[in-house]
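Numbering (the numbering used here), first residue to last: 8 to 241. Heads up, the beta-carbon is just placed ideally off N, CA and C, and yes, glycines get one too. See structure below.
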Amino acid sequence: MLMNFPQLIQDSWNFIRNRSQFSLFAIILLVAIQATVLLVMPNAPVSAEASISMLLPTIIIGIANVYVSLLLILNIKSINAGQYHSFLQNALTAFNKLLPAIGLYILMVLPLSFGLSSVLLSVMSGSGVNIISLPLLVMGIFIFMKLCLSIYIYLIEDYSFGQAVRFTWNFTKGKMNLMLGYCLIANVLPQLLAGLVSKLGDNIAVMIISFFISAFLSLFTTIFGFRFYQAIRQ
């Protein structure tokens, strides 16, 4: 199966342009969350006690990020169906689907986190990548690629948690080359761009610019993921 990724990128950009009010509201909301992170998480090193005190706000911000992602996907779904009226019309639905969605994110990201942590610990210890850490990393990447559409499938198809996991796992069989392309565009490329922007400096102007660029990329990749699932589902 072939996928016209340039066309999907163009379609995602056209969506942002054609739905400028929705897009602007989404970007402002995403920037506000990033600004909150900056206020809660100091740049300077902190003590262990201070780190513990910041744990709850960090978790709350993480949950808020997931909630906004759900709200964006549900709104895009409504726009696509011609049923969109206001940005907050799906707020209650997003809230009701929050806990299963968090579970999907954990299931998707945790194996990759274990793999990365294992590799980093091996490198930091000076022993190099060992026979255990590399397979863990490969398995984590594989699981992430298999399940990275699970949130979209959970919301678009209105499945339960278990249905979304089973359907996504089976749905991506034979499509791993497409999933690799999607992950590179939707996950790796935005991180590289954000890293380049962060190297411009740490003054307030660069910080504000980086907030808006990061928010735009987050919105764009959400729309791109929706379009990608539509295309691969056909």
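- The beta carbon of A201 sits closer than 6 Å to the beta carbons of S221 from its chain, once the five residues preceding and following it are set aside; these are given in chain order.
- Rounded to the nearest whole angstrom, the CA to CA distance from L128 to R24 is 44 Å.
- Residue burial annotation: G232 is buried, with at least 16 other C-beta atoms found within 10 angstroms of its C-beta.
- The distance from the Cβ of S125 to that of L143 is about 5 Å, consistent with a contact at the 8 Å cut-off.
- In the displayed model, D209 falls within coil according to three-state DSSP, outside both helix and strand.
- Approximately 6 Å separates the beta-carbon atoms of T175 and L156; this is inside 8 Å, confirming the contact.
- For the pair L81 and L162, the CB atoms are nearer than the 9 Å cut-off.
- Out of I139, G133, L119 and S140, the CA that lies nearest to the CA of I148 is found in L119.
- Nearest to I113 by alpha-carbon distance, out of Q90, I150 and A88, is I150.
- Just so you know, the alpha carbons of L37 and L154 end up roughly 24 Å apart.
- Residue burial is scored here from C-beta neighbours: T65 has fewer than 16 other C-beta atoms within 10 angstroms and is therefore classed as exposed.
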